[in-house]
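Chemist: According to this note's numbering, the sequence shown is numbered sequentially starting from 32. Beta carbons: idealized from backbone N, C-alpha and C, even for Gly. Take this structure first; my questions come after.
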Amino acid sequence: MKCWKEATSRSTSSHVPTADGHEGTVALALTFTIIDVPGSRNTAPQGINARGDIVGFSTDNTTNRAHGFLLSDGTFTEVNFPGFLQTAPRGINDRGDIVGQADNGTPTTARGFLLKKGTFTLVEFPGAAITGVFGINNAEQMVGNYIDSAGINHGFMLEDGTFTSIDVPGASQTFTFGINDPGDIVGSYFDGSGRQHGYLLSDATFTTIDVPGATATQPRDINSSGDIVGQYTSAGVTHAFVLRRGTFTTIDVPGAGATFGRGINALGDIVGNYVDSTGTHGFLATE
32 MKCWKEATSR STSSHVPTAD GHEGTVALAL TFTIIDVPGS RNTAPQGINA
82 RGDIVGFSTD NTTNRAHGFL LSDGTFTEVN FPGFLQTAPR GINDRGDIVG
132 QADNGTPTTA RGFLLKKGTF TLVEFPGAAI TGVFGINNAE QMVGNYIDSA
182 GINHGFMLED GTFTSIDVPG ASQTFTFGIN DPGDIVGSYF DGSGRQHGYL
232 LSDATFTTID VPGATATQPR DINSSGDIVG QYTSAGVTHA FVLRRGTFTT
282 IDVPGAGATF GRGINALGDI VGNYVDSTGT HGFLATE
């Protein structure tokens, strides 16, 4: 299936939240490439590797079910786990290994997966009710989330067949989304008051990530340079962000009501999705 994309080059002024919660601006020349899977109502890219291969999922117009896709060299290829009604790829490494989540139409049937060299393998945290895999690095370390029998969400890392739970100390729920080649992990957690914060887990140390002035911060991916991409909410509006060398920069697709940052590769290329009056669309942002 051939790719249909609308490329738009814009020089934008992106907002930079400062320590006091106000916003300055920095000139950031971005090229936005809009990504819509042909024949689908909604498109949501989730991950990108150094080759520029993009994975994600879309909703079809007939069954309203989610189907996975790989976008490589301008061509879409469907990614559907046999035996499941819905497939949602979440991440891809530079070797082309894909991770994600598949289900049969209800949350309780969700299972994680690894797609490697054309073969699907289930990834299930032992004893978990639900498992989803969101990130994979080039060493095949995987990160994701599971829900236990009490309904509590935890993060995890899978390395050489061994699962390790990830829980931010004092958090009511922990979510894990991205991992880079050095093994740094990003995700989010909810504190006792119900507020969502981001975190970086590096060398066994948690560091909180909060966009100044935001009511919620959710990092989603990290590259090997330490650049972090995600989204935050401020004044009821969701914006994408990139955190680079200690500076947050907001990224909004022009005309969007909400923008979500999902993946970043070694070159700093960013993928995600945005919402406008016609639905949900994917984007690729490059400098």
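1) Below 6 Å CB to CB, which residues in the same chain sit around residue 269 once its five sequence neighbours on both sides are set aside?
2) Could you check whether the segment 131 to 149 touches the segment 112 to 120, counting it as contact only if at least three pairs of C-beta atoms, one from each stretch, sit closer than 8 Å?
3) Helix, strand or coil for residue 14, going by three-state DSSP, please let me know.
4) Can you list, in chain order, the residues of its chain whose CB lies under 6 Å from that of residue 85, leaving out five sequence neighbours each side?
5) Going by C-alpha to C-alpha distance, which of 152, 74, 191 sits closest to residue 112?
6) What does the Cβ neighbour count give for residue 276, buried or exposed, with the cut at 16 atoms within 10 Å?
7) Can you tell which of 144, 287, 170, 251 has the C-alpha that lies nearest to the C-alpha of residue 273?
8) Quick check: the Cα distance between residue 239 and residue 228, rounded to an integer number of angstroms?
9) Kindly list the residues whose CB is nearer than 8 Å to the CB of residue 179, restricted to its own chain and excluding five residues on each side of it in sequence; keep chain order.
10) Give me the residue from 163, 182, 114 with the minimum Cα distance to residue 173.
11) Is DSSP giving residue 120 helix, strand or coil here?
12) Using the rule of at least 16 other Cβ atoms within 10 Å of the residue's Cβ for burial, across every protein chain shown, is residue 71 buried or exposed?
13) Give the range of the beta strand (DSSP E) segment to which residue 147 is assigned.
14) Compute the Euclidean distance between the alpha carbons of residue 307 and residue 281, then round it to the nearest angstrom.
Modeler: Well, looking at it:
1) Excluding positions up to five away in sequence, the list reads 262, 289.
2) Short answer: they touch.
3) Absent from the structure is residue 14, since the part of the chain shown begins at 32 and ends at 318.
4) Listed in chain order, the non-local C-beta contacts of residue 85 below 6 Å within the same chain comprise 76, 79, 102, 302, local neighbours out to five positions each way being set aside.
5) Looking at 152, 74, 191, the one whose alpha-carbon comes closest to that of residue 112 is 152.
6) Residue 276 should be labelled exposed.
7) Of the candidates 144, 287, 170, 251, the one whose C-alpha sits nearest the C-alpha of residue 273 is 251.
8) C-alpha separation (whole angstroms): 7 Å.
9) Setting aside the 5 residues that flank it on each side, residue 179 is surrounded in the same chain by 158, 159, 160, 185, each with a C-beta closer than 8 Å to its C-beta; the list follows chain order.
10) Nearest C-alpha to residue 173: 163.
11) In the structure shown, residue 120 sits in a strand (DSSP, three-state: E or B).
12) Answer is buried; the Cβ neighbour count reaches 16.
13) For residue 147, the enclosing beta strand (DSSP E) starts and ends at 142 to 147.
14) Their backbone Cα atoms lie some 18 Å apart in a straight line.
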